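The sequence shown begins at 605 in the working numbering and counts up one residue at a time. A virtual CB, placed ideally from N, CA and C, is assigned to each residue, including glycine. The model shown is predicted, which means the values in this text are computed figures rather than measured ones. The structure appears below as structure tokens.
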Amino acid sequence: MKSKIATIKEEINNYSFDSAENLEAFRIKFLGSKGITKELFSELKNVPNEQKREVGQDLNDLRNFAEDKYNHFKSQIATQKSDDNKIDLSKPGEDFEIGSHHPLSLVKKEIISIFSKIGYVVSEGPEIEDDWHNFTALNFPPEHPARDMQDTFFIEKGEKEIALRTHTSSVQVRVMENTQPPIRTISPGRVYRNEAISARAHCFFHQVEGLYIAKGVSFADLKQTLLFFAREMFGEKAEIRLRPSYFPFTEPSAEVDVSCTLCNSKGCNVCKYTGWLEILGCGMVDPNVLDSCGIDSQTYSGFAFGMGVERIAQLKYRVTDLRLYSENDIRFLKQFKTGI
Ligand code: PHE
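See the structure below:
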């Protein structure tokens with residue numbers, strides 16, 4: 605029995621571990637419920653009585669020896685595993701996909717940054733508006749066609765009409781009601797009109813409208829401001845021209861064209877061979893509007909302008925179908941990666 609124990613001890617001592625499977629095989633062989641030490645313990649009853657104590661001690665030592673070896677390698681394998689999970693900082697990094705800003709966000713940001721250079725601050729307001737802020741304060745006569753169901757999404761008709769705003773001029777009414785001049789503000793935001801969706805029209809789009817009110821503001825100031833904008837946006841060679849127009853809230857009113865930068869005004873299919881592209885509406889704020897909003901029209905004058913962000917984006921990125929802006933087609937959006 606004693607020599608058997610010695611041989612097994614030798615075997616345990618020489619056992620080499622290289623994997624978790626190997627370790628488990630060791631446990632089963634030497635320490636398992638049907639393993640060698642268990643078997644030896646069961647043979648203890650055959651040992652003559654006077655040797656039992658000593659052999660029992662040897663067996664205990666053998667089991668402890670096997671257990672120590674087992675535990676030692678077990679912890680060694682565990683640390684090896686956690687070493688494997690450590691990040692190798694010398695490896696090259698993994699590629700990741702960079703997102704992109706929506707083209708309308710890019711253009712909106714650019715418009716805001718151009719006007720902020722000349723002192724305009726951003727103002728925002730609700731998309732659900734009452735009749736006063738969207739129409740009445742802006743000098744829309746009661747029967748004006750723009751109030752008609754064809755153009756406006758009404759939420760509540762009747763005594764106090766509630767609708768989705770049709771332009772962000774409503775925000776400027778709120779600014780005028782709450783601030784005294786000088787006022788220099790731009791209002792970016794989404795607006796809604798009840799139109800059939802096609803490549804050229806949509807039931808919602810985005811605007812940036814501007815307002816400047818102070819003492820002695822003239823039409824010349826308006827023209828110069830818009831020329832500054834056009835050159836910042838479309839390049840220093842850009843020219844503008846103003847055509848007489850009509851809006852209830854401005855008098856006089858104009859529509860503004862910018863020289864076609866795609867063909868250098870020579871004529872192309874984008875400018876329909878006119879050399880000009882329409883970009884915005886503008887005019888001197890009607891004194892009725894100033895008075896409605898609590899600003900003394902005898903003391904102050906001002907100008908306003910409004911542009912569609914989609915229209916500017918269309919000219920900048922040559923997007924020919926308005927629907928692309930809201931369809932979330934990843935192939936379209938991916939083209940506007942700016943690398944930041
Ligand atoms: N509010 C007008 C529109 O939505 C644009 C505009 C703003 C025109 C200011 C003139 C002055 O079409």
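- In the DSSP assignment, G697 forms no beta bridge with any residue.
- Annotation for D825: the continuous alpha helix (DSSP H) segment containing it runs 823-838.
- Boundaries of the alpha helix (DSSP H) around A624: 624-630.
- According to the DSSP assignment, A610 belongs to the alpha helix (DSSP H) that extends over 606-618.
- Going by DSSP, F907 is part of the beta strand (DSSP E) stretching over 905-912.
- Taken through DSSP and simplified to helix, strand or coil, H737 comes out as helix.
- Residue side-chain check: T829 keeps its Cβ at 7 Å or more from all non-hydrogen atoms of the ligand PHE.
- For L768, the three-state secondary structure derived from DSSP is strand.
- Where T641 is concerned, the enclosing alpha helix (DSSP H) starts and stops at 640-647.
- Sequence-distant Cβ neighbours of R794 in its own chain, meaning closer than 7 Å and more than five residues away, are E731, F808, H810.
- A contact is defined here as three or more CB-CB pairs under 8 Å, and the segment 751-769 fails this definition with respect to the segment 710-718.
- E813 is the residue among E813, N868, L648, K642 whose C-alpha sits nearest the C-alpha of G912.
- L644 sits close to L663, with the two beta carbons spaced by under 8 Å.
- Taking a C-beta distance under 8 Å as the contact criterion, F853 and C886 do not qualify as a contact pair.
- Note: R794 is bridge-paired with H810 in the DSSP secondary-structure output.
- A Cβ-Cβ separation of about 6 Å places V659 in contact with L648 under the 8 Å criterion.
- Only exposed fits D699, as fewer than 16 other CB atoms lie within 10 angstroms of its CB.
- Taken from the Cβ of T789, every heavy atom of the ligand PHE lies 7 Å or farther away.
- Using a Cβ distance threshold of 8 Å, L884 and V923 do not count as a contacting pair.
- The ligand PHE never approaches E733 closely enough for any of its heavy atoms to be under 7 Å from the residue's Cβ.
- Going by beta carbons, K938 and V711 fall outside the 8 Å limit.
- Where D861 is concerned, the enclosing beta strand (DSSP E) starts and stops at 854-863.
- Straight across, the Cα-Cα distance linking S679 with T942 is about 51 Å.
- In this structure, the ligand PHE has no non-hydrogen atom nearer than 7 Å to the beta-carbon of G729.
- Beyond the five residues adjoining it in sequence on each side, P891 comes within less than 6 Å, by CB distance, of S901 in the same chain, given in chain order.
- Rounded to the nearest whole angstrom, the C-alpha separation of H748 and A767 is 15 Å.
- Take the alpha-carbon of K642 and the one of S694: they are about 50 Å apart.
- Its Cα nearest to that of M780, the residue E728 stands out among T829, E728, S802, S720.
- The straight-line gap separating the alpha-carbon atoms of N675 and D692 is approximately 29 Å.
- DSSP, reduced to helix, strand and coil, places I716 within a helical segment of the structure shown.
- Scanning G697, M837, Q918, P792 for the CA closest to the CA of A805 turns up Q918.
- Going by beta carbons, Y904 and A818 fall inside the 8 Å limit.
- In this structure, R778 sits away from Y816, with a CB-CB distance that is not shorter than 8 Å.
- Cβ contact annotation for I632 (same chain, cutoff 7 Å, sequence separation greater than five): G639, in chain order.
- Note that the C-beta distance between C867 and W880 is not below 8 Å.
- Between the C-alpha atoms of A629 and S607 there is a straight-line separation of about 24 Å.
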